[in-house]
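If you read the protein sequences in the order shown, they are chains A and B. Counting from 0, one number per residue, gives the positions in the first sequence under numbering that gives the first Met the number 0. Counting from 0, one number per residue, gives the positions in the second sequence under numbering that gives the first Met the number 0. Glycine is no exception: its CB is placed at the ideal position from the N, C-alpha and C atoms. Just so you know, these numbers come straight off a predicted model, no measurement behind them.
Protein chains: 2
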Amino acid sequence: MSIITLYDIASTHPGQAWSPSTAKARYALNYKGIAHKTVFLEYSEIEPLCKKLGAKPTSQTSPQYTFPVIHDPATGTVVSDSIEIARYLDATYPNTPRLIPEGTAALHYAFTAAFEATLPPFMHYTLPASLPFLNPASQDYFRQTREELFGGRRLEDVTPIGNEHTVMWEKVKDAFGQVDGWIRKNGAESKYFMGDTICYADVTVAGFLRWGRKVLGKDRWEEIMTWHEGRWANLMKEMEKYDVIF
Amino acid sequence: MSIITLYDIASTHPGQAWSPSTAKARYALNYKGIAHKTVFLEYSEIEPLCKKLGAKPTSQTSPQYTFPVIHDPATGTVVSDSIEIARYLDATYPNTPRLIPEGTAALHYAFTAAFEATLPPFMHYTLPASLPFLNPASQDYFRQTREELFGGRRLEDVTPIGNEHTVMWEKVKDAFGQVDGWIRKNGAESKYFMGDTICYADVTVAGFLRWGRKVLGKDRWEEIMTWHEGRWANLMKEMEKYDVIF
Numbered sequence: 000m001s002i003i004t005l006y007d008i009a010s011t012h013p014g015q016a017w018s019p020s021t022a023k024a025r026y027a028l029n030y031k032g033i034a035h036k037t038v039f040l041e042y043s044e045i046e047p048l049c050k051k052l053g054a055k056p057t058s059q060t061s062p063q064y065t066f067p068v069i070h071d072p073a074t075g076t077v078v079s080d081s082i083e084i085a086r087y088l089d090a091t092y093p094n095t096p097r098l099i100p101e102g103t104a105a106l107h108y109a110f111t112a113a114f115e116a117t118l119p120p121f122m123h124y125t126l127p128a129s130l131p132f133l134n135p136a137s138q139d140y141f142r143q144t145r146e147e148l149f150g151g152r153r154l155e156d157v158t159p160i161g162n163e164h165t166v167m168w169e170k171v172k173d174a175f176g177q178v179d180g181w182i183r184k185n186g187a188e189s190k191y192f193m194g195d196t197i198c199y200a201d202v203t204v205a206g207f208l209r210w211g212r213k214v215l216g217k218d219r220w221e222e223i224m225t226w227h228e229g230r231w232a233n234l235m236k237e238m239e240k241y242d243v244i245f
Numbered sequence: 000m001s002i003i004t005l006y007d008i009a010s011t012h013p014g015q016a017w018s019p020s021t022a023k024a025r026y027a028l029n030y031k032g033i034a035h036k037t038v039f040l041e042y043s044e045i046e047p048l049c050k051k052l053g054a055k056p057t058s059q060t061s062p063q064y065t066f067p068v069i070h071d072p073a074t075g076t077v078v079s080d081s082i083e084i085a086r087y088l089d090a091t092y093p094n095t096p097r098l099i100p101e102g103t104a105a106l107h108y109a110f111t112a113a114f115e116a117t118l119p120p121f122m123h124y125t126l127p128a129s130l131p132f133l134n135p136a137s138q139d140y141f142r143q144t145r146e147e148l149f150g151g152r153r154l155e156d157v158t159p160i161g162n163e164h165t166v167m168w169e170k171v172k173d174a175f176g177q178v179d180g181w182i183r184k185n186g187a188e189s190k191y192f193m194g195d196t197i198c199y200a201d202v203t204v205a206g207f208l209r210w211g212r213k214v215l216g217k218d219r220w221e222e223i224m225t226w227h228e229g230r231w232a233n234l235m236k237e238m239e240k241y242d243v244i245f
């Protein structure tokens, strides 16, 4: 059977995945129960593959081509960018649980912008800690593009220590607290962004939390799991069954 | 009959309103067809009134108390903050058209954060241009709080001219272009944020556009009305019937 291919970034832990962006696409596929297989490639292979497949660049600025990309042989379609992949799967496989309910695509895009704006403190920790997960072939590219995000500082110098860590880590907590505050507006009992059922916003948050679980180390991860009355612990527990790499 | 009071900010144009924040609450009331009357007050009167009514501060930082505030004598409820007012009206008057559809409150809050992040370029123009709409009693307060947003620069020096204007005005257009891009994700034909029916996100955008119409001057306003295939012109035309001051 010809099934969907999900392109992910190779790591020093064969068969494992660390990228938050590709995690969102995997969650989406598994949540919908859509058969697929994963192909892991190095960063240097992304652009040539995208050009070969005809995958769109996800940004006009560097890095132009990114994973996740999916290729669906059933329709001959290639889709890049995790939210576009969720939209494609919702539209193409309408009998699977929908991730972006009718009429909420614009709000989901606005959510993505708002959520990404909360991420810089978190990324002071997760980006440097991701380096050991990359094969040597990808480390230079990752270092170069990610150090640009921090004004050229070496990734090794980005994660704060001492008092600066205390302040920055509180900002990480506040960032997730902002997201928690949004979810609470649905009602005190709201488990997920849109109530009792997972939507793409939850997948997005889970993708980034999963990154933290992969790279942050046990103590910091366990601390996050206590935040906001266990909201993130509950979310990650729920998402566990969709975190299977095929 | 005892009807809702909407508290708005007084201006040099009696009976008119310029504030984007209070416009959102007025749009919400009129869209729902809920009877109300407006009381215009100066900035210095906001905090004493809020404390007297028991209205919550909308921010822990300056300015702590803001309009809009509504007082609903039917329920004895006082609500501050336009999105909270929309939520209150949706919940209390369920037979009126809903502005924040079931399950979308969290996404609407995320939208608000994302939309507000696009506003600084626009506010380089609208904040200084609002000063002449304020009575002398309110100008000092407005100047002080708004100049803080620009690092203490005098409001008269905030609006760029010459080449800097060209660059900044393009940023204003790009900001609305980002919002237009979100709406397009609902489908090429999507008129509003959630499709064919107005929701609170549209009310928010319209409230800020209305501010532009009030203070920017004819040429800039007419230019905005040509942007993004007339999306904002269509929105403002639709909202016109809800822009009545009682």
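Contacting residues, own chain, Cβ-Cβ under 6 Å from A/Ser-189 (five flanking each side not counted)
Ile-182
Over the uninterrupted beta strand (DSSP E) stretch that includes A/Phe-149, give me the two end residues.
From DSSP, A/Phe-149 is part of no beta strand (DSSP E); its letter is neither H nor E.
Taking B/Ala-27 as the reference, which of B/His-164, B/Ile-45, B/Ile-99 and B/Thr-76 has the closest Cα?
B/Ile-99
Assuming B/Trp-226 and B/Leu-208 form a contact by the criterion Cβ under 8 Å, report the distance between their Cβ atoms to the nearest whole angstrom.
That belief does not hold up - the Cβ atoms of B/Trp-226 and B/Leu-208 are roughly 10 Å apart, past 8 Å.
For a quick check, are the C-beta atoms of A/Met-167 and A/Ala-205 less than 8 Å apart?
no
Of all the CB atoms in chain A, is at least one closer than 8 Å to the CB of B/Gly-102?
yes
Between which two residues does the alpha helix (DSSP H) carrying A/Leu-326 extend?
Because chain A in this structure spans residues 0 to 245, residue 326 of chain A falls outside the shown range and cannot be described.
Is the Cβ-Cβ distance between B/Leu-133 and B/Phe-141 less than 8 Å?
yes
DSSP puts B/Asp-71 in a beta bridge; with which residues?
B/Thr-76
Name the one or two DSSP bridge partners that B/Thr-196 has.
Answer is none; B/Thr-196 lacks a bridge partner.
Given a threshold of 16 other Cβ atoms within 10 Å of its Cβ, counted over all protein chains shown, does B/Thr-165 qualify as buried or as exposed?
exposed
Just to confirm the assignment, what range does the beta strand (DSSP E) spanning A/Phe-39 have?
35-40
Residues of chain A with CB closer than 8 Å to the CB of B/Met-193, please, in chain order.
Gly-102, Thr-103, Ala-105 and Leu-106
Could you say if the stretch 91-105 of chain A and the stretch 167-177 of chain B meet the contact criterion of at least three C-beta pairs nearer than 8 Å?
no
Give the straight-line distance between the Cα atoms of A/Gly-180 and A/Ala-116, rounded to the nearest whole angstrom.
15 Å
Compare the Cα-Cα distances from B/Glu-158 to each of B/Glu-83, B/Leu-215 and B/Asp-201 and report the closest residue.
Reading off the sequence, residue 158 of chain B comes out as Thr, not Glu. Answer by Cα proximity: B/Leu-215.
Cutting at 7 Å between CB atoms, please list the residues of its own chain near A/Ile-128, excluding the five before and the five after it.
The sequence given here has Ala at residue 128 of chain A, not Ile. Result list for A/Ala-128: Val-214 and Leu-215, in chain order.
Out of B/Leu-118, B/Lys-240, B/Ala-22 and B/Asn-162, which has the shortest C-alpha to C-alpha gap to B/Ser-81?
B/Ala-22
Give the residues from the stretch 223-238 of chain A that approach chain B closer than 9 Å (Cβ to any Cβ), ordered along the chain.
none
Using the rule of at least 16 other Cβ atoms within 10 Å of the residue's Cβ for burial, across every protein chain shown, is B/Asp-89 buried or exposed?
buried
Excluding the five sequence neighbours on either side, which residues of its own chain have a C-beta within less than 6 Å of the C-beta of A/Pro-276, listed in chain order?
Residue 276 of chain A lies beyond the range of chain A shown here (0 to 245); nothing can be said about it.
Which residues of chain A have a Cβ atom closer than 7 Å to the Cβ of B/Ile-182, listed in chain order?
Ala-105
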